[in-house]
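Read through the structure below, which is laid out as structure tokens, and then see the notes.
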Amino acid sequence: MVLDDLGSSLRSTMDSLRGKSHIDEDDVQEIVKQIQRSLLSADVDVDLVMELSDGIETRALEEEPPGGTTARDHVLKIVYEEMVGLIGESTEIPLEQQTIVLAGLQGSGKTTTAAKMAWWFSKKGLRPAVIQTDTFRPGAYDQAKQMSENAEVEFYGDPDGEDPVQIARDGLEATEDADVRIVDTAGRHALEDDLIDEIEQIDDAVDPDRSLLVLDAAIGQGAKDQARQFEESIGIDGVVITKLDGTAKGGGALTAVNETGSSIAFLGSGETVQDIERFEPNGFISRLLGMGDLKQLSERVERAMTETQEEDDWDPEDMMEGEFTLKDMRNQMKAMDRMGPLDQVLDMIPGMGGGIMDQLPDDAMDVTQERMREFEIAMDSMTEREMENPEIIKSDRLERISRGSGVPEERIEELLEQHSMMKRTMDQFGNMGDGDMQRMMKKLQQQGGGGGGGMGGMGPFG
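In this text, residue positions in the sequence shown follow our numbering: the first is 5, and each later residue adds one.
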């Protein structure tokens, strides 16, 4: 996730306060210094760092912790609120008819973002279209067309066209029935005059409702000048930060938001069209500090379960009422895969992301996902009866499945043990009353630190 190093550093700083019932001025100053170092290492602008750290220091020294609140939780709450205030609200993106222009340098991820945003709008019940106007980069048309097909949205482009402004006009006319038109523009390796001239002409021709600046999370301090020039040319209403799955520092992109006086609209990670989410400042900072984001998690779960049900004719409710089979387990695994990378999902679970993730080996998530793939391959070599009744799988069947799938016998035994454990858990869920379920969810939220798990829009502190 973006700012992983910053998140890890901030969590380490907060953990240094564990066990303290009171903090003095020396403690506060040391905490503020560590936060400053963390932010500067993440490429956050110096002025923003000083603004944030001053606010944290003042509040930590002047505000009295509420009764029963530990020193760590009190400072954590202040850091959370100050960081949310620094980032600001999410860009307003109404679910209505509109035209959006994407601007940015070459390689920032505009073409991928256009298709991702179109996919996002389509999941909200609107009919989007992508208009590709980039005549500068070889392959831009083919990439945009393929990505739009992956997103199952309307696409317009002219592979033989040489005038991007005319392509934009023609695209608006060709996609007039669409609810949302997303215009992807050309980039350059640097802020050259012809790039600025071109995007200003497209802006005049399209007259967009919103102009979004697409920034690579790895851009660093260069984001400041880039953001300022695009703001002066066409006006920036919001920022899309891309490539958050890399090891990017990410602070420069946050600086650009402040420089344009705008806000963050979307976060993008990964190469598939589903790897996008609306930016929610409370949930974002909550995840950064290791407190989870149950709102974003619930949205991903709902979407993944719906897609799995539609594709595989599977009703999760059946698991609570009857036998939990290997078929159910495979469908659960498919739904999990649709939720996105495992480390991102764990970051959203209070008590699971943050500090726990910091303690795992760097390749832990890759190993886990590779194991899940092996489980699926092994299940593909099982008969219908074995999938319905895994308890019949003994040594002879185990050897046959291993030979047919190429998966070691010990890995298949691990799969069967995992299924048995999940089956017991499902049986417990099935016997739970509403009161038991509510108590369990309350306990889960409280494990996120700071008095609760991150609930997206409402924040982890209520």
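Each residue gets a CB set at the ideal place from its N, CA and C atoms; glycine is no exception.
Please tell me whether residue i and residue j are closer than 7 Å, where the distance is taken between their beta carbons.
| i | j | result |
| --- | --- | --- |
| residue 267 | residue 240 | no |
| residue 238 | residue 187 | no |
| residue 386 | residue 416 | no |
| residue 36 | residue 60 | yes |
| residue 178 | residue 140 | no |
| residue 271 | residue 423 | no |
| residue 285 | residue 104 | no |
| residue 376 | residue 425 | no |
| residue 328 | residue 427 | yes |
| residue 264 | residue 236 | no |
| residue 56 | residue 86 | yes |
| residue 261 | residue 244 | no |
Alpha carbon to alpha carbon, how far is residue j from residue i? Give it in angstroms, no decimals.
| i | j | result |
| --- | --- | --- |
| residue 75 | residue 94 | 30 Å |
| residue 113 | residue 220 | 7 Å |
| residue 287 | residue 398 | 47 Å |
| residue 333 | residue 69 | 46 Å |
| residue 27 | residue 34 | 11 Å |
| residue 419 | residue 230 | 51 Å |
| residue 30 | residue 202 | 54 Å |
| residue 48 | residue 170 | 39 Å |
| residue 180 | residue 168 | 18 Å |
| residue 412 | residue 138 | 49 Å |
| residue 269 | residue 102 | 15 Å |
| residue 247 | residue 274 | 6 Å |
| residue 283 | residue 125 | 14 Å |
| residue 393 | residue 278 | 34 Å |
| residue 21 | residue 402 | 52 Å |
| residue 81 | residue 73 | 10 Å |
| residue 205 | residue 142 | 21 Å |
| residue 79 | residue 144 | 48 Å |
| residue 445 | residue 372 | Note that residue 445 has pLDDT 49, beneath the 50 cutoff, so the model's placement of it is unreliable and the number below is only indicative. Each residue's alpha carbon lies about 25 Å from the other. |
| residue 192 | residue 211 | 22 Å |
| residue 459 | residue 106 | For residue 459, the pLDDT reaches just 40, beneath the cut-off of 50, and the residue's location in the model is therefore unreliable, although a value from the coordinates is still provided. If you take the alpha carbons of residue 459 and residue 106, they lie about 30 Å apart. |
| residue 379 | residue 400 | 18 Å |
| residue 58 | residue 409 | 60 Å |
| residue 197 | residue 77 | 50 Å |
| residue 421 | residue 407 | 20 Å |
| residue 339 | residue 207 | 40 Å |
| residue 115 | residue 414 | 44 Å |
| residue 223 | residue 213 | 26 Å |
Sorted by chain position, which residues of the same chain lie with C-beta nearer than 7 Å to residue i's C-beta, five sequence neighbours on each side aside?
| i | result |
| --- | --- |
| residue 360 | Here the model assigns residue 360 a pLDDT of 48, short of 50, so the residue's position is not dependable, and the following value carries that caveat. So the list is empty, once near-sequence residues are dropped. |
| residue 16 | none |
| residue 120 | 272, 277, 279, 280 |
| residue 258 | 48, 91 |
Quick one: what's got a C-beta closer than 6 Å to residue i's C-beta in the same chain, skipping five residues either side?
| i | result |
| --- | --- |
| residue 122 | 132, 134, 155, 157, 186 |
| residue 175 | 135, 160 |
| residue 45 | none |
| residue 374 | none |
Between which residues of its own chain and residue i is the CB-CB distance below 8 Å, once the five residues before and five after are set aside?
| i | result |
| --- | --- |
| residue 83 | 14, 18, 39, 60, 293 |
| residue 429 | none |
| residue 182 | 131, 132, 133, 158 |
| residue 153 | 159 |
Check the C-beta distance from residue i over to residue j and give it rounded, since I have them as a contact under 8 Å.
| i | j | result |
| --- | --- | --- |
| residue 99 | residue 128 | 5 Å |
| residue 118 | residue 172 | Not a contact, Cβ separation roughly 13 Å. |
| residue 111 | residue 217 | Incorrect: roughly 14 Å between the Cβ atoms, too far for contact. |
| residue 390 | residue 396 | 6 Å |
| residue 43 | residue 32 | Going by Cβ atoms, the distance from residue 43 to residue 32 rounds to 16 Å, so no, they are not a contact pair. |
| residue 130 | residue 184 | 5 Å |
State whether the stretch 95-104 contacts the stretch 155-164, with contact taken as three or more CB pairs (one from each stretch) at a distance under 8 Å.
-> As far as the Cβ criterion goes, the stretch 95-104 does not touch the stretch 155-164, which means the pair count is below three.
Below 8 Å, can you find three or more Cβ-Cβ pairs linking the stretch 61-68 to the stretch 139-155?
-> No, the stretch 61-68 does not touch the stretch 139-155.
State whether the stretch 378-393 contacts the stretch 284-291, with contact taken as three or more CB pairs (one from each stretch) at a distance under 8 Å.
-> Touching, no, given that fewer than three Cβ pairs across the two stretches are closer than 8 Å.
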